[in-house]
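S.K.:
Numbering (the working numbering), first residue to last: 256 to 434.
#1: Should residue 349 go down as buried or exposed, given a rule of 16 or more other Cβ atoms within 10 Å for buried?
#2: Between which two residues does the beta strand (DSSP E) holding residue 318 run?
#3: Check whether the segment 323–333 and the segment 271–285 are in contact - that is, three or more C-beta pairs closer than 8 Å.
#4: Any idea what DSSP makes of residue 361, helix, strand or coil?
#5: Confirm, please, whether the CB-CB distance from residue 368 to residue 375 is below 8 Å.
#6: Answer yes if the segment 386–396 comes into contact with the segment 331–346, meaning at least three C-beta pairs across the two stretches below 8 Å, and no otherwise.
#7: Rounded to the nearest angstrom, how far is the Cβ of residue 353 from that of residue 316, given a contact under 8 Å?
#8: Once the 5 residues before and after residue 355 are set aside, which same chain residues still bring their CB inside 6 Å of it?
#9: Helix, strand or coil: how does DSSP classify residue 256 here?
#10: Based on the DSSP output, what are the partners of residue 287 in its beta bridges?
#11: Taking the straight line between their C-alpha atoms, what separation do you get for residue 339 and residue 358?
#12: Going by DSSP, what residues sit across from residue 395 in a beta bridge?
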């Protein structure tokens, strides 16, 4: 007898029976949670966006991000990244093998402040091609260190996160500050 947990299809040939199977391609369902952690000095905004994907139904091999054109020194990191490239404000990230379940990317960036006015207009990174996206913004009073990011991301993703809405994005990042 076959073990019930092996995923086998077993049938006994009976006279007069015919078995016909069809398959159906199921699209991936992807949700993204983004936490933007920023630190502002007199001349520069430094930041890190942590994007945690939840992938259901079917695995994916590619992720797309909209990164504001004002960002400089952009670096995308994550597990098993094969390649990433940029076309205008859209970054394409391809992984070695298709992934499902939980997957995480991190994007570090800098944005110069306007030297004349010291004004800053902050727009967060957007995950493209997802069914639902939520985001949080966490200002940080000093230059970011790796341990700071891990602590803040844990609070941001487990705490209340403001929703950007299903496939709707106004361009502004809702703020959630957890002190």
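We treat Cβ as the ideally placed atom computed from N, Cα and C, and that holds for glycine. Predicted model, so just to flag it, every value in this text is computed and none were measured.
M.R.: Straight from the coordinates:
#1: By the 10 Å Cβ count, residue 349 comes out exposed.
#2: 299–321
#3: no
#4: Looking at residue 361 - three-state DSSP - the assignment turns out to be strand.
#5: yes
#6: no
#7: 5 Å
#8: 310, 314
#9: With a pLDDT of 45 at residue 256, under the threshold of 50, the modelled position of that residue is not reliable, and the figure given next carries that caveat. The answer is coil: DSSP assigns residue 256 none of H, G, I, E or B.
#10: 308, 388
#11: 16 Å
#12: 294
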